[in-house]
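The structure appears right after this line, and notes come after that.
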Amino acid sequence: MGNLTRRDLVVQVAEETKLPQQQAAKVLGSLLQILMKSFGSRQNIELRNFGVFEVALRRARVGRNPRSPGRDITIPPRAVVRFKPGKQVKRILQKVTKELLEEEAGKKSSR
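If you count the sequence shown from 1, position 49 lands on 49 in UniProt numbering, and the numbers rise without skipping.
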């Protein structure tokens, strides 16, 4: 189970839509550009049943450098993108959670 890359997405979109991979790559590139412009203008992106991407401000907080744990550093506030899953994604994640817990239980019992 690796990561799904941009190239993998292009190939899958091309197969699903019967578009040439060049056109699928252009569509995906355009979609990503639109998403980034939306984040830049602080717009949330709502995709029904999939989820909502929200631009939010992460508050300043205190952190520690692992190389010098005795010293606290202030991490400044910054804008972040958060994802809130929609109904279909939540259902998928519930199934994945169950599978992961079963795998974890199997590992513990085989020790």
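The beta carbon of each residue, even a glycine, is placed where N, CA and C say it ideally should be.
No experiment lies behind these values; they were computed from the predicted model shown.
Extent of the continuous alpha helix (DSSP H) to which residue i belongs
| i | result |
| --- | --- |
| Arg59 | From DSSP, Arg59 is part of no alpha helix (DSSP H); its letter is neither H nor E. |
| Leu35 | Gln21 to Gly40 |
Start-to-end residues for the beta strand (DSSP E) that takes in residue i
| i | result |
| --- | --- |
| Ser68 | Ser68 to Ile75 |
| Arg78 | Arg78 to Pro85 |
Separation of residue j from residue i, as counted between CA atoms
| i | j | result |
| --- | --- | --- |
| Gln33 | Gly2 | 25 angstroms |
| Gly86 | Glu46 | 9 angstroms |
| Lys37 | Leu93 | 28 angstroms |
| Pro77 | Lys18 | 44 angstroms |
| Ser109 | Thr97 | 18 angstroms |
Distance CB(residue i)-CB(residue j) smaller than 8 angstroms
| i | j | result |
| --- | --- | --- |
| Lys84 | Gly40 | no |
| Leu35 | Leu9 | no |
| Gln21 | Val11 | yes |
| Asn44 | Gln88 | no |
Nearest-angstrom beta carbon gap, residue j and residue i [assumed within contact, 8 angstroms]
| i | j | result |
| --- | --- | --- |
| Ala79 | Leu57 | 6 angstroms |
| Arg64 | Ile75 | So it is not a contact: roughly 10 angstroms between Cβ atoms. |
| Val62 | Val81 | Contact flag wrong, Cβ pair sits at about 23 angstroms. |
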